[in-house]
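S.K.: Below is one structure. I have some questions about it.
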Amino acid sequence: MEQSMSENKSRYELHFHGLVQDAVTVEPSQAKQIYQNTLTQPTSIYQLPLQLADFTGRQGELERLTGVLKQARSGQESQAAIALVTGVTGVGKSALAVQVAYELQSDFPDAQLYVNLRGSEGQPLDPLDVLAGFLRVWGVEDQSMPQSLSERSQLYHSVMAGKRVLIILDNARDEFQIRPLLPKCSTCAVLITTRRQINGLEEATIVELPVMSEPEARSLLENLIGAEVIAAEPDATQHIITQCDYLPLALRITGGFLRQSPHWQLADYASKLEHEKQRLAQMHLSDLSVRPSLVLSYQSLDEASARLFRLLGLLVGVNFKAEVAPRLLEVEPAIAQHSFDTLVAWQLVTPVSPGRYRFHDVVRLFARGQLAQQEPADVRQAARLRLSRWYLETAEMVDLAINPETRRQLVQSVVKGKEQAPTERRWLLTALYWFEIERPNILASVEWAHQAEAWDVVVSLAQNLVNFFNTHGYWGDWERTHGLALEASRELGDRDKEAQTLINLGNVYSLAGQWEKANQCYQQSLGIFNELSDRPGMAKTLSNLGNVYFQQQQNQNAIDCYQQSLSMFQELRDRYREGQTLANMGIFSAQNNQPEQAIQLWQDSLTKLHPNLPKFQRVAEWLQSIKGQSVETSSSTQTPQPQRLILYWGGAFILAMSLILSIIMLAG
């Protein structure tokens, strides 16, 4: 589905009513729970994963990479400094890249950006989405985000110009994924890791990372299990290192096993490792360097930890939080946390940032293999549904921080005074960050719930994603989830949910410029609300339908819908939506050469819209879309209460004058 407005239509800042605008009352206790458990982690322009405390060796590669990337520090080169690290699975490419980045932090003070491009997985990240994430770091709002790759890349180059930024592109797939993400400014540096051979990056310095040397591998094991243990059995140590093929990942898993099993002799473990490797070789399995140590560690886990390891293989996101463990295991949080901590201690799950963890690609594949072998299909489906319900519960809370009305309630119940405005902004960013990083798992949860015929979960989860999709412009995700939700609402026989889902589907079609599809959705929704005698639902749908008729140049139908909607909102005493509808009618009048009527409608709209919400800026955006120039407005959202009424009417007067000037310009 196209993610931009249709090319032959002007983009008007019309308001489409739906669940996204509905107010929700927030209890103070709920606000504190959200604040403490979900929204306390700030977003940052310093995005590096956690540094390995026991990083070992690689001194030659460290010096070479830091030397190449420091060339960007002076800004005297003609392009960004680029280094590409290649190597086999488990050789430590990502760990090396992170170590280099930490050593270069002072050389790139403006930002250190990191992204796992998931190039070795089935669904590598789209560079269009990666660019959006980078641009948001620099404050580019989603409504200003270009929709095409070329335009977004051009804005990225402009934003990055002159900044001293280090970018880590981890686990890249190919040149086509990498190329749009390379800044053109000479003050930036890019470090790429990949297990593939990538051609076409002639400007990059390529560093092929070999397996560890014998001293490096021995030193890593010493760091993991202690020098005295190694010294006691030197021959067995050498045998283990050889069986691990000198790969850091295999050695780390081995170290996790031995650290948690101090009663094991190294010679016994070496023998088991060799036997397992021979067994797997006879089965013609891949990853023989890492898999034997994985098998031994997995077989030594307690039952609950082994089951959690398998079930974590269900997750499709880049990383995850420990909070999913209780739902997967169906046990008390303390018990689940113990099992999760066991996986971390055994080096099967690794931390990437405070509170978030990941599987290495090889470990994830192994976990999924064990899941398929040991858990029946109905057990896997039940676990997926538990995850879906957990994501629904969490999304319901986090969505409150995206909705501007409920976010304000949340902040006011937790924070007082001047800190409210910055806290509100921070909560919005962290809420969007949570949705963004969990997006693959959330989208999968909608699918899982649909497969399990948990229709109520499908509908509710899809509806709680609307604010996020609307903010970030994920029209395709919006359409797919609501297609499933529409089917689910019909399976439930819930006509109200069906109508609300149709409104949301109509909204995304409208945003994408697919007016005929939007019209059909609104017509169906209107019929259902009429059947239910739901006046608020009818009013919202009629207003939306008026917008669509406006875009389809069916003027009389648009006027009829607007007037019916306005009459209903007045009857319902819904000043907020009455004001929005008046504003839409003003745009309609202006576009149809009725300047005096447009001015009156806009003035009426301003008096209806709540003075404590940032509506003036929205009106300014409407003006900008019409006359093609910016209108500066004053915001009243951060102003002390005694001054708000004065600024409200002052702002209304200023905007009215700007409106008059803009209409004169339009009228020629």
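Just so you know, we're using our numbering here: the sequence shown kicks off at 43 and counts up by one.
Ideal Cβ placement from N, Cα and C applies to all residues, glycine included.
Only a predicted model underlies this, so the values are computations on that prediction, with no experimental measurement involved.
1. Under a Cβ-count criterion, where at least 16 other Cβ atoms within 10 Å of its own Cβ denotes burial, should SER200 be classed as buried or exposed?
2. On a Cα-Cα basis, can you pick out the residue from ARG577, GLN594, ARG410 that is closest to GLU613?
3. Whole angstroms is fine: what's the gap from GLU638's alpha carbon to TRP644's?
4. Buried or exposed: ASN241, going by 16 or more other Cβ atoms within 10 Å of its Cβ?
5. Please confirm if the region 379-392 is in contact with the region 273-286, defined as three or more CB-CB distances below 8 angstroms between the two stretches.
6. Given a cut-off of 9 angstroms, decide if ILE282 and LEU263 are closer than it, judged by their beta-carbon atoms.
7. Applying the 10 Å Cβ sphere with the 16-neighbour rule, what's the burial state of PRO225?
8. Helix, strand or coil: how does DSSP classify LEU544 here?
9. The alpha helix (DSSP H) spanning ILE479 covers which residue range?
10. Among LYS135, ILE210, GLU103, GLU478, whose alpha-carbon lies nearest the alpha-carbon of ALA153?
11. Could you pull the start and end residues of the alpha helix (DSSP H) that ALA123 belongs to?
12. Return helix, strand or coil for GLU245, following the three-state DSSP convention.
13. How about the region 173-180 and the region 123-132: do they share at least three Cβ pairs that are nearer than 8 angstroms?
14. Measuring CA to CA, which of ARG369, SER339, GLY359 is closest to PRO166?
15. If we ignore side chains and look at the alpha-carbon of each, how far apart do SER255 and PHE97 end up?
16. Does the distance from the CB of LYS319 to the CB of GLN280 come in under 9 angstroms?
17. Give me the residue from GLU521, SER567, GLN542, LEU568 with the minimum Cα distance to GLN556.
18. Of the residues PRO304, ASP287, GLY298, which one's Cα is nearest the Cα of GLU316?
19. Does the Cβ of ASN597 have 16 or more other Cβ atoms within 10 Å, making it buried, or fewer, making it exposed?
20. DSSP on ASN512, reduced to helix/strand/coil?
21. If the criterion is Cβ atoms closer than 9 angstroms, does the pair GLU529 and HIS492 meet it?
22. In three-state DSSP terms, what is ASP383?
23. How would you call GLY132, buried or exposed, if buried means at least 16 neighbouring beta carbons within 10 angstroms?
24. With a cut-off of 8 angstroms, do at least 3 Cβ pairs link the region 363-375 to the region 489-508?
25. Roughly how many angstroms lie between the CA atoms of ASN572 and GLN622, to the nearest whole one?
26. Excluding sequence positions up to five away, which residues of its chain have a Cβ less than 7 angstroms from the Cβ of GLU103?
27. Are the beta-carbon atoms of ALA292 and SER335 separated by less than 9 angstroms?
28. Exposed or buried, what is HIS305 when buried is set at 16 or more other beta-carbons lying within 10 Å of its beta-carbon?
29. For PHE58, which residues of its own chain have a beta-carbon under 7 angstroms away from its beta-carbon, when the five flanking residues on both sides are left out?
30. With a cut-off of 8 angstroms on the beta carbons, I'd call ILE444 and LEU474 a contact; round off their distance for me.
31. Just to confirm my understanding: we take ASP498, look at its own chain, exclude 5 residues before and 5 after, and list those with CB closer than 6 angstroms. What are they?
32. Alpha carbon to alpha carbon, how far is ASP538 from SER609?
33. In the DSSP assignment, the beta strand (DSSP E) including TYR156 goes from what residue to what residue?
34. As a quick exercise: from ALA214, VAL182, LEU485, pick the residue whose alpha carbon is nearest that of GLY518.
35. For the 8 angstroms Cβ check, are there 3 or more pairs between the region 506-515 and the region 423-443?
M.R.: Reading from the atomic positions:
1. It is exposed - the Cβ of SER200 has fewer than 16 other Cβ atoms within 10 Å.
2. Taking only the C-alpha atoms, the option nearest GLU613 is ARG577.
3. Looking at the two C-alpha atoms, the distance is approximately 10 angstroms.
4. With fewer than 16 other Cβ atoms within 10 Å, it is exposed.
5. Using a C-beta cut-off of 8 angstroms, the region 379-392 makes no contact with the region 273-286, since fewer than three inter-stretch Cβ pairs fall below that distance.
6. Contact flag set, yes.
7. Here PRO225 is buried: its Cβ has 16 or more other Cβ atoms, across all protein chains shown, within 10 Å.
8. Collapsing the DSSP output to three states places LEU544 in a helix.
9. Element bounds for ILE479: 462-493.
10. Ranking LYS135, ILE210, GLU103, GLU478 by Cα distance to ALA153 puts ILE210 first.
11. It is not in any alpha helix (DSSP H) - ALA123 instead sits in the beta strand (DSSP E) that spans 123-128.
12. Assignment of GLU245 by DSSP, reduced to helix, strand and coil, places it in the coil class.
13. The region 173-180 is not in contact with the region 123-132.
14. Each of ARG369, SER339, GLY359 was checked against the Cα of PRO166, and the nearest Cα belongs to GLY359.
15. Looking at the backbone, the Cα of SER255 and that of PHE97 are separated by about 14 angstroms.
16. By the CB criterion at 9 angstroms, LYS319 and GLN280 fall outside the cutoff.
17. Of the residues GLU521, SER567, GLN542, LEU568, the one whose Cα lies closest to the Cα of GLN556 is GLU521.
18. Per the C-alpha coordinates, the member of PRO304, ASP287, GLY298 positioned closest to GLU316 is ASP287.
19. Under this definition ASN597 is an exposed residue.
20. DSSP places ASN512 in the helix class (H, G or I) of the three-state scheme.
21. Contact flag set, yes.
22. Note: ASP383 maps to helix in three-state DSSP.
23. Burial call: buried.
24. No, the region 363-375 is not in contact with the region 489-508.
25. Straight-line measurement puts the Cα of GLN622 at about 22 angstroms from the Cα of ASN572.
26. Residues of the same chain with a CB within less than 7 angstroms of the CB of GLU103, apart from the 5 flanking positions on each side, are LEU138, VAL249, LEU251 in chain order.
27. A distance below 9 angstroms separates the beta carbons of ALA292 and SER335.
28. With fewer than 16 other CB atoms across the displayed protein chains lying within 10 angstroms of its CB, HIS305 is exposed.
29. So the list reads ASN549, SER552, ASN586, ASN589, once near-sequence residues are dropped.
30. So it is a contact: roughly 7 angstroms between Cβ atoms.
31. So the list is empty, once near-sequence residues are dropped.
32. Their Cα atoms are separated by approximately 22 angstroms.
33. Start and end: 153-158.
34. For GLY518, the nearest C-alpha among the options comes from LEU485.
35. At 8 angstroms Cβ cutoff, the stretches touch.
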